[in-house]
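Report on the structure given below.
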Amino acid sequence: FGPDKIAVNDVSFDLYENQITSLLGPNGSGKTTIFNCLIGIYKQTSGTISMANPNGSDYDTTSNIDMLRKSIGYCPQHDILFDLLTIEEQLQFYASARGFGKYKQQISDEMLRLVNLENSKDMFCNALSGGMKRRLSLACAFVGDTRIILLDEPSSGLDPTNRRLLWDWLRTMKEGKTLLLTTHFMEESDALSDRIMIITNGIIKADGTSAKLKEQYGSGYKLVVNRQSNQNANVIADELHTYLPKMAAESDIPGGDIVFRTNQQPDDRFVQALRQLDVMKSKNMIKSYGVQNSTMDDVFLKITNDTKDESDSETTTVTMERIDEQCRQVFENQYFLTGWQYYLSQLYGLLMKTLVIRYRRWGLTLIVLLLPIIYNLLSNIIAPTQGSGDTFKMQATLLNPQTILYTSNPVFEDYFQEAVGAKSSDLKFEKRTENITELNRYIWQKRMDHPYTYTDIYLAFQIPPPQGDTYKIQTLSSNLITGYEVISVASNLFYKYALGDTSASIQSTLIYRRTGNFTVEPSVSGAIAVLNIVSCFIKILPFGLILDVFVYYAIFLYTAVFLTSERSDNFLSLQNISGLHPALYWLFNYIFDVISSVIWFCYLLAMYCLFDVAFNGVPKTQSAAAAMLTIEFASAWDLRVQFYPLSILITMAALPFTYLVTKLIRSDILCGLTVMIVLVLIHLISTILLMILALLKVQSALNISYWVLNLLSPTVNAQAIVTYILAGKSRFCQLMAGQITIFSRTGDDTMAVNWIILIAHIIVPLLLLTAIDCGYVNISFKSLLYKAPAQFDENTLDSDVLAERRRILNLDQLALTQRHVNAEAAVTEQQETDHMVVHDLVKHFPGRNVLAVNHLTFGAKRGEAFGLLGYNGAGKTTTFRILVGDETATQGTAYIDGQNVKRRLRSLRHLGYCPQQDCRMEFLTVQDALYLLARIRAVPFSRVRSMVQTISSLFLLDPFLHNYIHQLSGGTKRRLHAALALIGPPLVTILDEPTTGVDPNARQRMQEIFLNAVKAKLTIILTSHSMDECERVCNRLGIMYYGQLACLGTIQHLKSKFGHGYSISIKVKFHSGDVQGQAIDNVQAFLLSKSEFGFQMSEKTHSTATFQARNGTPADLFQLLEENKELLKIETYTITQTTLEQIFLSFGKQIDAV
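What the sequence shown shows, in the UniProt record's numbering, is residues 1 to 1154, in sequence order.
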């Protein structure tokens, strides 16, 4: 990609049938680029890609990609689904597209069963949760006779249960296929892969089986110790060093886990160290501990840390102290601009964003600018200006064939014949002797002798002898010709005589001007000139401006495209959530677009004048008397010079209407074209309708239609005002006032009403737009179909969930909402500490039998990280969308910093949001987005630059600052959205799966940033499918299912309440011949036979399993596994206290049981 960007560098590998290969690497390492080359989206700069077709022959993708694509299945990093198709229809579409239309029903049924979407097959794709969309995208990749399957982060967004089901499914589906996948879940690659490749900076650094990579890059065992909050880490380390002298602390989370790593072999001294930890637990020095040997996470981190590019070292390898220092700079100085400076900061941010986007989308701007050039060029070529002037060469020979009669003095005869032209069969001379009077009688007599015929005599001349210096010529001309030809003959005659040279010649040219009269030849311009006169009486724009108006409407297309593009991917919503009040947003856009329209009409007028002068010359000033004799509304030049400045009235009225249309259509180009077509149709319909009614003289119908159109259409009303002003400037309209009665005047005496309507067309839509975005008006009426369910039964709730519900419902809501209105209000301490409150929240989607959110109630305190977990479709994202205002609650509400999310009277600058779906933010770079959000949050002007630099460094965005956002990798986009959510910082931040698709290095760093934010007393609401992340970050969490909390409390409380004993996760060495998973079955049989430990199997896949041991200590379990490790073919194992993931999975079994 350009001379200085090598995405993939000298990469070579082979893929084999019946194998799953994982391609791992940090964000931006080249994984997705390799995929795009494999499927033909990108063409490799050098090198070749060969694939085998069903007959076994190898084909190069460069020339045979169309044929090879028939056997390639692809699950992209981002879901590509048809919003208005159901799940079943989506699968059937893919089956038909791949040539299996006859079997589409069977294929869709089978795929629905395999990905566990049978009960949701009739749901539209746009209503699915993120995890459900991933399962559907995965199913689409396997539709048809696909042999090569490329899966780009297939489990991204899946909950742990569905992720494990996916692993089993992929294992069963690999027969006869070649699978290549990328993932940022190292556990997933470990469980699935027959082979693993690790790529960094476009170069493959490691390639082998999971066991081989662990052996080569592994680093012994890890002890994970969960200490008491008051216990010093050094004391624990000193106790263990007695048995493990080479042990070192790998990480130390204050008040949380300490991770020690040792290369000590699993001998007696290692077991003694574990026994010592049991002693420390009994002394209440530690809460629990766990043991694990090298994992793929360790391998990945070691390889990627050892191979970091030197140019990126400053931005990617920063010590923990540096992270803490930068977090303090971002989170602890929470000063914001207020008053007029607050709004000025936001306006400046909007201005810079708007100018940058319109500058970078230069293609659309260029097309719009070319329209008036093309229009004026064609209009002057096809229909040149009529009636302005012309020339005529006055040659008598143009009348041939003819006979010229003449009587001439001999002195002039030769000169005369040469002045007329050479004698020929078409030109005859007849010499006569009569004088001019007699010649006239002679010609008359000839016509009388032959009535109803024309003669060929058009001219007659008498040239008498000169009288001194006086020369005289007398002529006769037919009324069938102009008569000006005689001037040419006379001037040529005297010129030749004066020079005495019959060959001398002079050309006489007549320059004439066409004037308006009722006998001119019919023409389009003449018809338009007559139709223009109608505007003197009926308030419709002159017909001569119809094409000019249509070209002028291009400004509304231009405006609609940009606004729709900003709204279609929820970028506008993200700005509103971040503190941009809708009223300010629409006011800014209105002022900016009005100014743009002024520039536009100046440009249109300049183009018209330029082309008119180029084709027709500089127009001459017409006298008042001449203007009155001309039957026209105004000259073309004057009409446009007067119209274009007045067109600003049309813009002012039509812009709010355009903004409303952008709310209805999500495609930017389609919306722009729709706006322009609608305005053109309104103009045509209103003009033709009023014209017909006026001609029919149906005055009552004319008046009713006129006012209905003026009330409903902003452009019609504005054009009526413009026409009234133009008619007032027309001399012809003034002259004809009261003289022509074919049309009755309409609208002249009610202009004040039109001005009032104009103001209403501006103000009412802008207020409506603000009300919609503030939550006062819901343009969707689906909620009317909702029927309230039976009374909610609180007794079905868990005791902790019920206690929290009653705490929230007992709060004084009036005091809560007035907290910032009246500083002296009596507010309880509990209210003051709840920065976010969810109050009996209900959400029902039409067509569904269950509630997406079912009377959800909880609060999050200041300085708390609250985890909201749940299965795909449990209602987490719907809850978040209600909290940020993207969805409207069916019942109940929520409060953020005391403000009701349903009534956003004030801006929500105290709220940050990282949505589940990334915003594309087209034509903005990473740096642009960071600066914009900092200004919207009203970060002081002096701190904006340092804030952007610090937050960019924290989230490892420095190498991408000047990259367009839509070109970033998925993980980099997630880091950016998390940075945007925290910049400022806000008081409350909602993070919806912020680390999905983020590599392990960056994920650990982001978790550390979240912890520092909580220390700075920010409130974080987090949802994630990584249980380890929730354990590390969250102080308290709840697990949702069916729209309600199944449990709630601190992590330790949940472990104590729902967890028992220890959890053992085991992965066995996989062999290609073990298609039935015999190795893991042997482990299961062995452990279940050890009744003294009370083993129970929690979950099992083809090569992994998790067991619960109710009895024994980690030391006993460790010793048991080490003694039988080779016998049972165990590759890796982990021993921990019951994990949050195990508790989560246990609730999944309860859901399945229900």
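Beta carbons are placed, not taken as given, at the ideal position from N, Cα and C, and that holds for glycine.
Taking only the alpha-carbon atoms, compute the straight-line gap between Met751 and Thr662 and give it to the nearest angstrom.
31 Å
With H, G and I counted as helix, E and B as strand and the rest as coil, what does DSSP make of Gly898?
In the structure shown, Gly898 sits in coil (DSSP, three-state: anything other than H, G, I, E or B).
Exposed or buried, which one is Arg848 when buried takes at least 16 other CB atoms within 10 Å?
exposed
Return yes when the Cβ of Phe1118 is within less than 8 Å of the Cβ of Val291, no when it is not.
yes
Using C-beta distances below 7 Å, list every residue in its chain close to Ile65, excluding the 5 sequence neighbours before and after it, in chain order.
Same-chain partners within the cutoff: Gly40.
C-beta contact flag for Lys281 and Tyr217 at 8 Å:
no
Just reading off the beta strand (DSSP E) that Arg1036 is part of, what are its end residues?
Its beta strand (DSSP E) spans residues 1036-1041.
My assumption, with CB atoms under 8 Å, is that Phe550 sits in contact with Pro985. Please give the rounded CB distance.
Not confirmed; about 50 Å, so no contact.
In whole angstroms, what separates the C-alpha of Glu418 from that of Gly617?
36 Å
Outcome for Tyr335 when other beta-carbon atoms lying within 10 angstroms are tallied against a minimum of 16:
exposed
Is it right to say Ala823 is buried, meaning 16 or more other beta carbons lie within 10 angstroms of its own, or is it exposed?
For Ala823, the predicted model reports a pLDDT of 38, less than 50, meaning its position is unreliable; a value from the coordinates is still stated below. So Ala823 ends up on the exposed side.
Nearest-angstrom Cα distance between residue 1156 and Arg1003?
The structure shown does not extend to residue 1156, since the chain is modelled only from 1 through 1154, so no value can be given for it.
Return the CA-CA distance between Leu151 and Asp14, expressed in angstroms with no decimal places.
16 Å
Can you tell me which of Gln575, Pro619, Met652, Val613 puts its alpha carbon nearest to the alpha carbon of Ile595?
Met652
Less than 8 Å between the C-beta atoms of Ala211 and Lys1069, yes or no?
yes
What span of residues does the alpha helix (DSSP H) with Lys133 cover, start to end?
Element bounds for Lys133: 130-141.
Tell me which residues share the same chain as Phe588 and place their Cβ nearer than 7 Å to its Cβ, disregarding the 5 neighbours each side in the sequence.
Counting only Cβ-Cβ distances below 7 Å, and skipping sequence neighbours, we find Leu347, Leu350.
Straight-line CA distance for Lys697 to Tyr644?
31 Å
Output the residue ranges of the alpha helix (DSSP H) runs that lie fully inside the stretch 657-706 and measure 4 residues or longer, sorted by chain position.
668-696
Beta-bridge pairing of Glu430 - partner residues as DSSP gives them
For Glu430, which the question treats as bridged, DSSP gives the partners Leu405.
Cα separation between Ser477 and Leu681?
55 Å
Just checking my contact of Thr1132 with Lys1067 at CB under 8 Å: how many whole Å lie between their CB atoms?
5 Å
Under three-state DSSP, which class holds Asp958?
helix
Any idea what DSSP makes of Lys205, helix, strand or coil?
strand
Does the Cβ of residue 1155 have 16 or more other Cβ atoms within 10 Å, making it buried, or fewer, making it exposed?
The structure shown does not extend to residue 1155, since the chain is modelled only from 1 through 1154, so no value can be given for it.
Looking at the unbroken beta strand (DSSP E) that takes in Ser50, where does it start and where does it end?
50-52
Tell me His1071's beta-bridge partners as DSSP assigns them.
Answer by DSSP bridge pairing: none, since His1071 is not bridged.
What ranges does the alpha helix (DSSP H) occupy inside the stretch 956-1000, keeping only unbroken runs of at least 4 residues that lie completely in it?
Taken in chain order, the complete alpha helix (DSSP H) segments of 4 or more residues contained in the stretch 956-1000 are 970-982.
Please look up how many angstroms separate the CB atoms of Ala139 and Met111, rounded, as I've assumed it's under 8 Å.
4 Å
Under three-state DSSP, which class holds His1053?
helix
Mapping DSSP to helix, strand and coil, what is Val115?
coil
So the candidates are Ser193, Gln575, Leu493, Thr354; which of them puts its Cα closest to the Cα of Arg937?
Gln575
Asn230 in three-state terms, based on DSSP:
coil
Mark Thr365 as exposed unless 16 or more other C-beta atoms lie within 10 angstroms of its C-beta, in which case mark it buried.
exposed
Does the Cβ of Asp668 have 16 or more other Cβ atoms within 10 Å, making it buried, or fewer, making it exposed?
buried
Between the CA atoms of Lys102 and Thr1139 - distance to the nearest angstrom
48 Å
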